[in-house]
Ligand SMILES: [Zn+2]
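Residue numbers (this note's numbering): 8 to 185.
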């Protein structure tokens with residue numbers, strides 16, 4: 008699909024499984040998913056990925072040679088998504104890892120679209136921060152990676168940049184609704 012075709016469709020997340028989140032965490036999880044969904048459907052999301060520049064002027068890094076437009080198209084391919092005339096319905100499979108991630112928020116395995124999140128992160132994260140984490144992990148599912156060691160440039164990799172964009176848009180959505 009071209010970007011123009013993609014932009015006409017609304018992304019809708021459908022929660023298929025939320026293993027080990029339990030009842031007491033479910034409300035915050037659903038709020039995070041709602042914010043993630045709202046954020047990726049904004050004009051601001053598309054334009055901020057397309058026009059990404061860091062404070063120092065650098066563009067997205069570790070893009071596998073793709074332009075920023077191609078990155079956005081790859082990100083919005085949503086693996087497993089069902090494409091209808093007006094929507095892309097994306098199944099979400101989530102799992103809470105009941106252990107301390109030691110600073111790591113979560114992970115995906117081998118590009119599989121199942122997102123693992125450490126409870127040590129989830130329990131202190133706001134729903135918009137969690138939305139950013141889900142967005143970050145989706146970038147891994149879409150095939151983008153980052154090195155762990157280079158903290159300064161890591162921010163500009165696709166997973167970190169998109170995670171931050173979604174987090175910021177989600178924060179705006181929360182503020183506007185208050
Ligand atoms: Zn990552």
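The beta-carbon is built from N, C-alpha and C at its ideal position, and this holds for glycine as well.
Just checking my contact of residue i with residue j at CB under 8 Å: how many whole Å lie between their CB atoms?
i: residue 146; j: residue 169; result: 5 Å
i: residue 163; j: residue 67; result: 6 Å
i: residue 118; j: residue 72; result: 18 Å between Cβ atoms; not a contact.
i: residue 46; j: residue 181; result: So it is not a contact: roughly 10 Å between Cβ atoms.
i: residue 86; j: residue 120; result: 5 Å
i: residue 94; j: residue 19; result: 5 Å
i: residue 103; j: residue 39; result: With a Cβ gap of about 12 Å, residue 103 and residue 39 do not count as contacting.
i: residue 96; j: residue 21; result: 6 Å
i: residue 92; j: residue 48; result: 16 Å between Cβ atoms; not a contact.
Between residue i and the rest of its own chain, which residues show a CB-CB distance below 7 Å, the 5 nearest in sequence each way excluded?
i: residue 153; result: 69, 161, 164, 166 and 167
i: residue 53; result: 14 and 79
i: residue 57; result: 75, 76 and 79
i: residue 10; result: 76, 79 and 80
i: residue 59; result: 66, 67, 75 and 168
Taking the alpha-carbon positions, what's the residue i to residue j distance?
i: residue 75; j: residue 105; result: 36 Å
i: residue 110; j: residue 137; result: 14 Å
i: residue 99; j: residue 29; result: 16 Å
i: residue 24; j: residue 131; result: 22 Å
i: residue 42; j: residue 178; result: 9 Å
i: residue 51; j: residue 37; result: 22 Å
i: residue 88; j: residue 61; result: 31 Å
i: residue 126; j: residue 90; result: 32 Å
i: residue 84; j: residue 55; result: 18 Å
Where DSSP assigns a beta bridge to residue i, which residues make up the other side?
i: residue 102; result: 26 and 123
i: residue 95; result: 18 and 90
Which residues in the same chain have their Cβ closer than 6 Å to the Cβ of residue i, if we skip the five residues on either side of it in sequence?
i: residue 128; result: 108 and 112
i: residue 139; result: 170, 173 and 174
i: residue 26; result: 102
Quick one: does the C-beta of residue i sit closer than 7 Å to a heavy atom of ligand 2?
i: residue 166; result: For ligand 2, the structure offers nothing, since it holds only ligand 1.
Got a sec? Which residues, its chain only, sit under 8 Å from residue i by beta carbon, not counting five neighbours each side?
i: residue 115; result: 121, 122, 123, 144, 147 and 148
Q: Mind listing, in chain order, the continuous alpha helix (DSSP H) runs of no fewer than 4 residues lying wholly within the stretch 29-85?
A: Look at the stretch 29-85 and you find these whole runs of alpha helix (DSSP H), each 4 residues long or longer: 29-47, 50-57 and 75-82.
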